[in-house]
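Step one of this worksheet: look at the structure below.
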Amino acid sequence: MAPTGDDNRRVLDPESDAAALKALTHPLRIRLLGLLRMEGPSTATELAALTGESSASTSYHLRVLAKYAFVAEAERRDGRERRWRSVHEVTSWSNQAMEDSPGSGDFVGVMRRRQIQHLLETVERHEGDVAAGRIDPSWREPAGITDLMPRLTPESLDELWQTFETKLAELTDRDASDPRALPTVVFTAGLPLAPRTRHGADGADTGPDAGPDTQSDVGPEAVGPR
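Oh and the sequence shown: position 42 is 72 in our numbering, straight run, nothing missing.
This is the structure in C-alpha cells:
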C-alpha cells in the first residue's frame, strides 16, 4: 500500500530512519506502541501489568521508543508517575523502498507477522469480552473476519486500499462524539499469490492451474461480507 502523509501518520524511510527501524522491530516495543494506541496514555507500570513484563523493562523500552520519536511523555495526573502516549496513530512505509534498501528487507516480514499475532490476541480478547457480557449485543452482527480471495490487478488493489482508508477516516470522524463508539481493531490484507504449478501423473509440470480450486487449500471459504 502506498503510504500517505498526514499529522497522524509516520512514514518510515529506510535510509533516514535506519536506526528507528531497527529499534522498532523489538517484539516488546511493537507491542507497547500498539497498546498505547489502543489503551491511550499509560504508565510503565500499567503497561507492565498488560504485558506481563517488569516495570523496569517496559520503562526502558518506552525510553527507546521515545528516543526515536514513536512515543512521547503525556500530561501527568497530579504529579504522579510518568505517562506515555503514542505520537502517531499509524506507522507506515513503502514496501518498494524497504526492498530496495540493503538491510531493510526483513522489516516488512517482521511487522506483518506481528500484525498476525495481534489479530490472534484480538480474537481471544473479543471472544472473552463477548462471553463475559462486556460487549453490547448490538455489536454481534457487524463483528467478524473475512478471507475473500478476489482476482485483482495491482492498480485495483491500490485503489481498494485508498478507498478503504478514505471511508475509514470518514466514519471515524463521524463517530468521534458518539458515546456508543468503542475501540475497534480493523485488519486488512492484500497479498497476491502466484498460481500453483500442477504436476501430471508422470511428475511433469503441467503449468499453472487457473481453475477455481487453484488455492483451495489456502484457507476456509469466505462465508459472508465480513
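For each residue, glycine too, the CB sits at the ideal point set by N, CA and C.
Check	Outcome
Where residue 207 falls, given that 16 or more other Cβ within 10 Å makes a residue buried	exposed
Three CB pairs or more closer than 8 Å across the segment 146–163 and the segment 103–112	no
Contacts around residue 45, its chain only, beta-carbon distance under 7 Å, and the 5 residues preceding and following it disregarded	131
Three-state secondary structure (DSSP) of residue 183	coil
Local Cβ density within 10 Å of residue 241, reported as buried at 16 or more and exposed below that	Residue placement at residue 241 is poorly supported in this model, since its pLDDT is 37, which falls under 50; the coordinates still yield a value, given next. When all chains shown are included, residue 241 counts as exposed.
Integer Cβ distance of residue 67 from residue 116, believed to fall under 8 Å	5 Å
Member of 72, 138, 153 and 120 whose CA lies at the smallest distance from the CA of residue 39	120
From 199, 81, 160 and 210, residue whose alpha carbon lies closest to that of residue 64	81
Per-residue burial, residue 201 [other beta carbons within 10 Å of its own, 16 or more giving buried]	exposed
Within 8 Å, strictly: CB atoms of residue 181 and residue 57	no
Per-residue burial, residue 227 [other beta carbons within 10 Å of its own, 16 or more giving buried]	exposed
Where residue 196 sits in the DSSP three-state scheme	helix
Pair within 8 Å by beta-carbon distance, residue 54 and residue 92	no
Span of the alpha helix (DSSP H) around residue 155	135–161
Buried versus exposed call for residue 50 [16 or more other C-beta atoms within 10 Å across all chains shown]	buried
Buried versus exposed, by CB contacts within 10 Å (16 or more), residue 99	exposed
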